[in-house]
Amino acid sequence: FPELVIRELLANTIAHQDFTISGMRPMVEIFNNRIIFSNPGVPLMDPMRFLDFPPRSRNTELADLLGKFKIVESRGTGIDKVVASLEEHELPALEILTKGTDATQVTIHSKKLFKDMSPTEKNESIYWNACLHYVNDEQINNASLRKRFNLTSNDSSLISKAISNAMEANLIKLYDEKAGRKFVSYIPFWGVSVQNRYKI
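Going by our numbering, the letters in the sequence shown line up with residues 2 to 201, in that order.
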């Protein structure tokens with residue numbers, strides 16, 4: 002696993018824990034095919050919006066201290082770097098789950114070929130890829146996703162099916178509903194389409 006990802010998620014597990022919850026503490030579980038980071042407390046924002054919402058922390062001073070000692074990235078950039086690093090190493094997207102009202106669990110998985118990913122893993126990888134592009138004022142398409150999953154043009158139909166599934170799961174949507182087939186691109190479900198952006 003990339004060092005940056007481990008460092009950032011471990012620091013987040015410590016910095017974002019809820020100290021008011023007793024009987025729980027940050028925990029890291031290491032398995033052959035995944036690492037699970039758990040901490041007491043649920044996120045202060047929707048986990049699906051970690052890339053575009055301003056950062057929020059329960060323990061601002063602790064988070065700032067970790068940044069000061071260069072243990073984590075500057076506030077608000079860490080999750081972007083995690084998503085990008087996982088993609089660079091051709092790893093599935095991170096999985097973020099809340100456990101009731103008391104805990105948060107983040108899981109990273111070892112490398113998998115596209116054909117071996119579950120439908121959920123494909124959906125989440127496409128979603129986070131769309132988020133990463135969107136915050137950089139870009140959109141995703143069949144070609145960019147083939148690059149993300151290290152596939153060739155012969156696999157276009159596989160990506161088209163995966164895109165369709167991600168749209169059905171309401172994770173991504175068309176950027177321009179009037180675009181021709183060759184120019185179709187996609188953005189996260191919360192993104193602003195070209196029609197709304199320019200009031201077309």
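C-beta atoms are modelled at their ideal positions from N, C-alpha and C, and glycine is treated no differently.
These numbers were taken from a predicted model, which means no experiment stands behind them.
Q: Return the first residue and the last residue of the beta strand (DSSP E) that valine 107 is part of.
A: 104 to 110
Q) Would you say the segment 30 to 44 touches the segment 9 to 22, given that touching needs at least three Cβ pairs under 8 Å? A) yes
Q.
Taking 8 Å as the cut-off, does the segment 23 to 35 touch the segment 50 to 64 (at least 3 CB pairs, one atom from each stretch)?
A. no
Q: Using the Cα positions of asparagine 153 and phenylalanine 70, report the straight-line distance between them to the nearest angstrom.
A: Strictly speaking, residue 153 in this sequence is threonine, with asparagine absent from that position. Taking the straight line joining both Cα atoms gives about 42 Å.
Q | C-beta atoms of histidine 17 and arginine 59 nearer than 8 Å | A | yes
Q: Mind checking which residues open and close the beta strand (DSSP E) that includes leucine 133?
A: No beta strand (DSSP E) holds leucine 133; the alpha helix (DSSP H) holding it covers 120 to 135.
Q | Nearest candidate by alpha-carbon position, reference arginine 26, set Glu96, Ser119, Ala104 | A | Ala104
Q) Would the segment 159 to 169 and the segment 107 to 124 be scored as touching if the rule is three or more Cβ pairs under 8 Å? A) yes
Q. For lysine 174, does the three-state DSSP call read helix, strand or coil?
A. strand
Q) Could you give the residue range of the beta strand (DSSP E) that holds methionine 49? A) Looking at the DSSP string, methionine 49 is not in any beta strand (DSSP E), and its letter there is neither H nor E.
Q. Just the Cα atoms here: how many angstroms apart are isoleucine 127 and alanine 167?
A. 7 Å
Q: Report the three-state DSSP secondary structure of valine 83 (helix, strand or coil).
A: helix
Q) Around the C-beta of leucine 10, are 16 or more other C-beta atoms found within 10 angstroms, so that it is buried, or is it exposed? A) buried
Q. With contact counted as at least three CB pairs below 8 Å, one residue from each stretch, are the segment 84 to 93 and the segment 169 to 182 in contact?
A. no
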